[in-house]
Amino acid sequence: MPQKVGFKKAFLDLIFPPRCPLCDRFIDSKLSSYEGTDFCSECVSSFKPVTSPHCTVCWVPMKGNIDENHLCGACADNRPVYKEAAAPFIYEGLIADAIHQLKYGKKTHLAKSLGPFMASLAKTWITCKGGLITMPVPLHSKRLRERGFNQSLLLARQVAGALNLELDYLSLRRIRHTSPQMALGMKERHENVKEAFEVVAREKCKGRIILLIDDVATTGTTLNECAKALMAAGASEVFCLTLAKAAL
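Going by our numbering, the first residue of the sequence shown is number 1, and it counts up by one from there.
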(Lines of atoms letter the chains of each structure in order from A and count residues from 1; the text may use other names and numbers.)
(Lines give C-alpha, C1' and ligand atoms only; values in the text may rest on other atoms or scores of the structure.)
Protein backbone atom coordinates (compact mmCIF):
# COMPACT_ATOMS: atom_id res chain seq x y z
CA MET A 1 0.00 0.00 0.00
CA PRO A 2 2.73 2.60 0.85
CA GLN A 3 4.28 2.00 -2.59
CA LYS A 4 0.95 2.71 -4.29
CA VAL A 5 0.51 5.91 -2.30
CA GLY A 6 4.08 6.96 -3.13
CA PHE A 7 3.59 6.23 -6.85
CA LYS A 8 0.30 8.15 -6.90
CA LYS A 9 1.92 11.19 -5.28
CA ALA A 10 4.89 11.06 -7.65
CA PHE A 11 2.52 10.83 -10.63
CA LEU A 12 0.39 13.77 -9.42
CA ASP A 13 3.51 15.84 -8.71
CA LEU A 14 4.64 15.18 -12.28
CA ILE A 15 1.33 16.31 -13.76
CA PHE A 16 0.65 19.07 -11.22
CA PRO A 17 4.01 20.12 -9.76
CA PRO A 18 3.63 21.50 -6.22
CA ARG A 19 4.56 25.10 -5.49
CA CYS A 20 6.72 26.28 -2.64
CA PRO A 21 4.39 28.22 -0.31
CA LEU A 22 7.12 30.81 0.32
CA CYS A 23 8.41 31.69 -3.16
CA ASP A 24 5.47 30.27 -5.17
CA ARG A 25 7.82 28.58 -7.64
CA PHE A 26 7.09 25.11 -8.99
CA ILE A 27 9.03 22.37 -7.22
CA ASP A 28 10.16 20.11 -10.04
CA SER A 29 13.36 18.79 -11.60
CA LYS A 30 14.75 22.34 -11.73
CA LEU A 31 13.91 23.28 -8.14
CA SER A 32 14.13 20.55 -5.51
CA SER A 33 12.08 20.36 -2.33
CA TYR A 34 13.65 20.23 1.11
CA GLU A 35 13.28 16.72 2.50
CA GLY A 36 10.08 16.23 4.46
CA THR A 37 8.73 19.74 3.88
CA ASP A 38 6.55 21.69 1.46
CA PHE A 39 9.36 24.24 1.01
CA CYS A 40 11.94 24.39 -1.73
CA SER A 41 15.56 23.86 -0.70
CA GLU A 42 16.49 27.40 -1.76
CA CYS A 43 13.98 28.97 0.64
CA VAL A 44 15.05 26.71 3.50
CA SER A 45 18.69 27.65 2.91
CA SER A 46 17.73 31.27 3.57
CA PHE A 47 16.40 30.49 7.08
CA LYS A 48 18.87 32.10 9.48
CA PRO A 49 19.83 29.66 12.26
CA VAL A 50 20.53 30.58 15.85
CA THR A 51 24.29 30.12 16.17
CA SER A 52 26.93 30.72 18.80
CA PRO A 53 27.40 32.92 20.62
CA HIS A 54 23.96 33.01 22.20
CA CYS A 55 22.66 33.21 25.75
CA THR A 56 22.83 29.88 27.52
CA VAL A 57 19.34 30.41 28.98
CA CYS A 58 17.13 32.43 26.59
CA TRP A 59 19.19 31.79 23.42
CA VAL A 60 19.14 35.45 22.37
CA PRO A 61 21.96 36.02 19.83
CA MET A 62 24.95 37.75 21.39
CA LYS A 63 27.23 40.36 19.87
CA GLY A 64 30.90 40.94 20.64
CA ASN A 65 34.22 39.17 20.41
CA ILE A 66 33.35 36.23 22.70
CA ASP A 67 32.59 33.16 20.60
CA GLU A 68 31.38 30.91 23.43
CA ASN A 69 27.78 30.86 24.60
CA HIS A 70 27.30 32.79 27.82
CA LEU A 71 24.59 34.29 30.03
CA CYS A 72 23.07 37.52 28.69
CA GLY A 73 22.66 40.58 30.91
CA ALA A 74 18.88 40.27 31.12
CA CYS A 75 19.01 36.64 32.31
CA ALA A 76 21.83 37.43 34.72
CA ASP A 77 19.81 40.25 36.31
CA ASN A 78 16.47 38.42 36.36
CA ARG A 79 16.88 34.69 35.81
CA PRO A 80 13.83 33.14 34.09
CA VAL A 81 11.91 30.36 35.81
CA TYR A 82 12.38 28.07 32.81
CA LYS A 83 15.66 26.19 32.51
CA GLU A 84 16.37 27.08 28.89
CA ALA A 85 14.49 28.39 25.83
CA ALA A 86 15.89 27.12 22.52
CA ALA A 87 14.99 27.83 18.89
CA PRO A 88 16.44 26.66 15.57
CA PHE A 89 15.95 29.97 13.72
CA ILE A 90 16.07 33.75 14.01
CA TYR A 91 12.66 35.36 13.47
CA GLU A 92 13.28 37.19 10.21
CA GLY A 93 12.97 36.73 6.46
CA LEU A 94 11.22 33.70 5.03
CA ILE A 95 10.91 31.75 8.27
CA ALA A 96 8.97 34.71 9.68
CA ASP A 97 6.80 34.62 6.54
CA ALA A 98 6.16 30.91 7.04
CA ILE A 99 5.12 31.41 10.66
CA HIS A 100 2.86 34.29 9.62
CA GLN A 101 1.18 32.10 6.98
CA LEU A 102 0.63 29.36 9.57
CA LYS A 103 -0.62 31.66 12.29
CA TYR A 104 -2.62 34.32 10.46
CA GLY A 105 -3.04 32.87 6.96
CA LYS A 106 -4.69 29.75 8.38
CA LYS A 107 -2.31 27.51 6.41
CA THR A 108 -2.29 24.90 9.13
CA HIS A 109 -0.74 22.26 6.87
CA LEU A 110 2.57 24.14 7.16
CA ALA A 111 2.96 22.83 10.72
CA LYS A 112 3.90 19.47 9.20
CA SER A 113 6.83 21.17 7.46
CA LEU A 114 7.85 23.51 10.29
CA GLY A 115 7.56 21.08 13.21
CA PRO A 116 10.39 18.79 12.04
CA PHE A 117 12.90 21.65 12.31
CA MET A 118 12.00 21.97 16.00
CA ALA A 119 12.10 18.22 16.52
CA SER A 120 15.51 18.00 14.89
CA LEU A 121 16.92 20.54 17.35
CA ALA A 122 15.20 18.88 20.30
CA LYS A 123 16.77 15.51 19.48
CA THR A 124 20.25 16.91 20.04
CA TRP A 125 19.42 19.55 22.64
CA ILE A 126 17.17 17.67 25.08
CA THR A 127 18.98 14.70 26.61
CA CYS A 128 16.64 14.09 29.58
CA LYS A 129 13.98 12.00 27.81
CA GLY A 130 12.78 10.17 30.93
CA GLY A 131 9.54 11.62 32.28
CA LEU A 132 9.43 14.34 29.62
CA ILE A 133 5.99 15.65 28.65
CA THR A 134 5.23 18.09 25.82
CA MET A 135 2.82 20.99 26.30
CA PRO A 136 1.88 23.84 23.94
CA VAL A 137 1.43 27.41 25.13
CA PRO A 138 -2.39 27.62 25.31
CA LEU A 139 -4.68 30.17 23.73
CA HIS A 140 -7.56 31.74 25.60
CA SER A 141 -10.90 30.25 24.56
CA LYS A 142 -11.93 33.55 22.96
CA ARG A 143 -8.78 33.70 20.79
CA LEU A 144 -9.14 30.01 19.94
CA ARG A 145 -12.69 30.58 18.69
CA GLU A 146 -11.53 33.54 16.60
CA ARG A 147 -8.56 31.75 15.03
CA GLY A 148 -9.99 28.26 14.92
CA PHE A 149 -6.76 26.52 15.98
CA ASN A 150 -3.75 26.84 18.24
CA GLN A 151 -0.58 27.00 16.13
CA SER A 152 1.52 26.01 19.15
CA LEU A 153 -0.47 22.80 19.53
CA LEU A 154 -0.01 21.99 15.84
CA LEU A 155 3.76 22.36 16.25
CA ALA A 156 3.76 20.45 19.56
CA ARG A 157 2.05 17.50 17.88
CA GLN A 158 4.87 17.32 15.35
CA VAL A 159 7.58 17.51 18.01
CA ALA A 160 5.93 14.98 20.33
CA GLY A 161 5.34 12.58 17.45
CA ALA A 162 8.91 12.79 16.17
CA LEU A 163 10.41 12.28 19.66
CA ASN A 164 7.78 9.76 20.81
CA LEU A 165 6.85 11.93 23.78
CA GLU A 166 3.61 12.33 25.69
CA LEU A 167 1.55 15.34 24.58
CA ASP A 168 -0.69 17.14 27.06
CA TYR A 169 -2.68 20.12 25.76
CA LEU A 170 -5.34 20.24 28.48
CA SER A 171 -3.53 20.66 31.79
CA LEU A 172 -2.08 24.14 31.16
CA ARG A 173 -4.79 26.77 30.61
CA ARG A 174 -4.82 30.46 29.74
CA ILE A 175 -7.38 31.80 32.19
CA ARG A 176 -7.29 35.46 31.20
CA HIS A 177 -7.75 36.97 27.74
CA THR A 178 -4.67 39.04 26.88
CA SER A 179 -3.64 41.50 24.17
CA PRO A 180 -1.15 40.37 21.48
CA GLN A 181 2.36 40.65 22.93
CA MET A 182 3.96 41.88 19.70
CA ALA A 183 2.32 45.31 20.02
CA LEU A 184 3.49 45.92 23.60
CA GLY A 185 6.60 47.25 25.27
CA MET A 186 8.68 45.25 27.75
CA LYS A 187 6.89 46.43 30.91
CA GLU A 188 3.49 46.08 29.26
CA ARG A 189 4.32 42.53 28.18
CA HIS A 190 4.95 41.48 31.76
CA GLU A 191 1.70 43.02 33.01
CA ASN A 192 -0.26 41.66 30.05
CA VAL A 193 0.44 37.98 30.80
CA LYS A 194 0.99 38.19 34.56
CA GLU A 195 -0.88 35.31 36.22
CA ALA A 196 -2.65 34.58 32.93
CA PHE A 197 -1.97 30.82 33.13
CA GLU A 198 -2.86 28.04 35.52
CA VAL A 199 -2.50 24.28 35.69
CA VAL A 200 -5.82 22.49 36.10
CA ALA A 201 -4.37 18.97 36.44
CA ARG A 202 -1.51 19.38 38.89
CA GLU A 203 -0.95 15.64 39.16
CA LYS A 204 0.18 15.57 35.52
CA CYS A 205 3.02 17.99 36.29
CA LYS A 206 4.28 16.77 39.65
CA GLY A 207 7.88 15.63 39.29
CA ARG A 208 7.78 15.87 35.49
CA ILE A 209 10.09 17.66 33.08
CA ILE A 210 8.00 19.83 30.75
CA LEU A 211 8.91 20.70 27.16
CA LEU A 212 6.87 23.85 26.48
CA ILE A 213 6.20 24.63 22.79
CA ASP A 214 5.40 27.96 21.11
CA ASP A 215 5.90 29.45 17.66
CA VAL A 216 8.02 32.55 18.42
CA ALA A 217 9.90 33.85 21.46
CA THR A 218 10.55 37.59 21.67
CA THR A 219 11.26 38.55 25.27
CA GLY A 220 10.29 35.13 26.64
CA THR A 221 7.72 36.71 28.96
CA THR A 222 4.87 34.39 27.93
CA LEU A 223 7.08 31.32 28.22
CA ASN A 224 8.23 32.41 31.66
CA GLU A 225 4.68 32.96 32.94
CA CYS A 226 3.74 29.48 31.73
CA ALA A 227 6.83 28.09 33.45
CA LYS A 228 5.83 29.80 36.71
CA ALA A 229 2.44 28.06 36.65
CA LEU A 230 4.01 24.69 35.78
CA MET A 231 6.67 24.90 38.48
CA ALA A 232 4.05 25.97 41.03
CA ALA A 233 2.13 22.82 40.09
CA GLY A 234 5.14 20.66 40.94
CA ALA A 235 7.07 20.31 37.67
CA SER A 236 10.74 19.54 38.27
CA GLU A 237 12.03 21.56 35.28
CA VAL A 238 10.62 23.44 32.29
CA PHE A 239 12.43 23.61 28.96
CA CYS A 240 11.03 25.81 26.18
CA LEU A 241 11.26 25.25 22.44
CA THR A 242 10.08 27.69 19.77
CA LEU A 243 10.45 27.68 16.02
CA ALA A 244 12.09 31.11 15.98
CA LYS A 245 13.73 33.58 18.33
CA ALA A 246 13.47 37.32 17.82
CA ALA A 247 16.85 39.06 17.77
CA LEU A 248 16.49 41.88 20.27
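Glycine included, every Cβ here is placed at the ideal spot set by N, Cα and C.
- With a cut-off of 8 angstroms on the beta carbons, I'd call Asp38 and Ser113 a contact; round off their distance for me. Sequence index remark: in the sequence shown, residue 38 carries index 38 (1-based). Sequence index remark: in the sequence shown, residue 113 carries index 113 (1-based). About 5 angstroms separates the two Cβ atoms, so the contact holds.
- Query: When DSSP labels each residue in this structure, what does Glu92 get in the three-state scheme?
  - Reply: For the purposes of this step, residue 92 is taken as the residue at position 92 of the sequence shown. Of the three classes helix, strand and coil, the one that applies to Glu92 here is coil, per DSSP.
- Message: Helix, strand or coil for His109? Go by DSSP, reduced to three states.
- Response: Along the sequence shown, one-based indexing puts residue 109 at 109. Of the three classes helix, strand and coil, the one that applies to His109 here is helix, per DSSP.
- Please report how far the alpha carbon of Val239 lies from the alpha carbon of His54, in whole angstroms. Your numbering for residue 239 matches position 239 in the sequence shown. Your numbering for residue 54 matches position 54 in the sequence shown. According to the sequence as given, residue 239 is Phe; it is not Val. Those two C-alpha atoms are separated by around 16 angstroms.
- Item | Among His109, Ile213 and Ile133, nearest to Lys206 - alpha-carbon criterion | Residue mapping note: residue 206 aligns to position 206 of the sequence shown, counting from 1. Lys206 has its Cα closest to that of Ile133, out of His109, Ile213 and Ile133.
- Message: Could you check whether Arg202 and Gly234 sit closer than 8 angstroms to each other, using their CB atoms as the reference points?
- Response: Position 234 of the sequence shown, counted from the first residue, corresponds to residue 234. Position 202 of the sequence shown, counted from the first residue, corresponds to residue 202. Yes; because the gap between Cβ atoms is below 8 angstroms, this pair is in contact.
- Task: Report all residues from its chain with a CB closer than 7 angstroms to the CB of Ser46; omit the five preceding and five following residues, and keep chain order.
- Result: Along the sequence shown, read from residue 1 onward, the residue named residue 46 stands at position 46. Gly93 and Leu94.
- Which residues in the same chain as Leu102 place their Cβ atom closer than 8 angstroms to its Cβ, once the five residues preceding and following it in sequence are excluded? The count along the sequence shown starts at 1 and reaches residue 102 at position 102. Thr108, Leu110, Ala111, Leu114, Gln151, Leu154 and Asp215.
- If you count every other CB in all the chains shown that lies within 10 Å of the CB of Arg189, and 16 or more means buried, which is it? Taking the first residue of the sequence shown as 1, we reach residue 189 at position 189. That one is buried.
- Message: Here's the rule I'm using: 16 or more other beta-carbon atoms within 10 Å means buried, otherwise exposed. How should Glu146 be labelled?
- Response: Position 146 of the sequence shown, counted from the first residue, corresponds to residue 146. Burial call: exposed.
- Item | Helix, strand or coil at Pro80 [DSSP, three-state] | Taking the first residue of the sequence shown as position 1, residue 80 is located at position 80. Three-state result, Pro80: coil.
- So, are the CB atoms of Ala196 and Thr178 less than 8 angstroms apart? Counted from its first residue, the sequence shown places residue 196 at position 196. Counted from its first residue, the sequence shown places residue 178 at position 178. Yes, Cβ-Cβ distance for Ala196 and Thr178 is below 8 angstroms.
- Endpoints, the alpha helix (DSSP H) within which Met62 is located: In the sequence shown, residue 62 corresponds to position 62, counting from 1. Careful: Met62 lies outside any alpha helix (DSSP H) and carries neither H nor E.
- Cα separation between Met231 and Ile27? As a working mapping, residue 231 is identified with position 231 in the sequence shown. As a working mapping, residue 27 is identified with position 27 in the sequence shown. Computed Cα separation, rounded: 46 angstroms.
- For Pro49, which residues does DSSP report across the bridge? Within the sequence shown, numbered from 1, the residue matching residue 49 stands at position 49. Its beta-bridge partners are Phe89.
- Item | CA-to-CA distance, Ile175 to Ala96, given in whole angstroms | Within the sequence shown, the letter at position 96 stands for residue 96. Within the sequence shown, the letter at position 175 stands for residue 175. Between Ala96 and Ile175, the C-alpha separation is close to 28 angstroms.
- Message: Quick check on DSSP: helix, strand or coil for His100?
- Response: In the sequence shown, counting from the first residue as 1, residue 100 sits at position 100. Helix.
- Item | Backbone secondary structure at Lys245 - three-state DSSP | Position 245 of the sequence shown holds residue 245. In the structure shown, Lys245 sits in a strand (DSSP, three-state: E or B).
- Close-in-space but distant-in-sequence residues of the same chain around Ser236 (CB under 7 angstroms, 5 per side omitted): Position 236 of the sequence shown holds residue 236. Same-chain partners within the cutoff: Gly207, Arg208 and Ile209.
- Query: In three-state terms, what does DSSP make of Pro2?
  - Reply: Counting from 1 along the sequence shown, the entry for residue 2 is found at position 2. Confidence at Pro2 is low in this model, with a pLDDT of 39, below 50, so its placement is unreliable and no value can be given for it.
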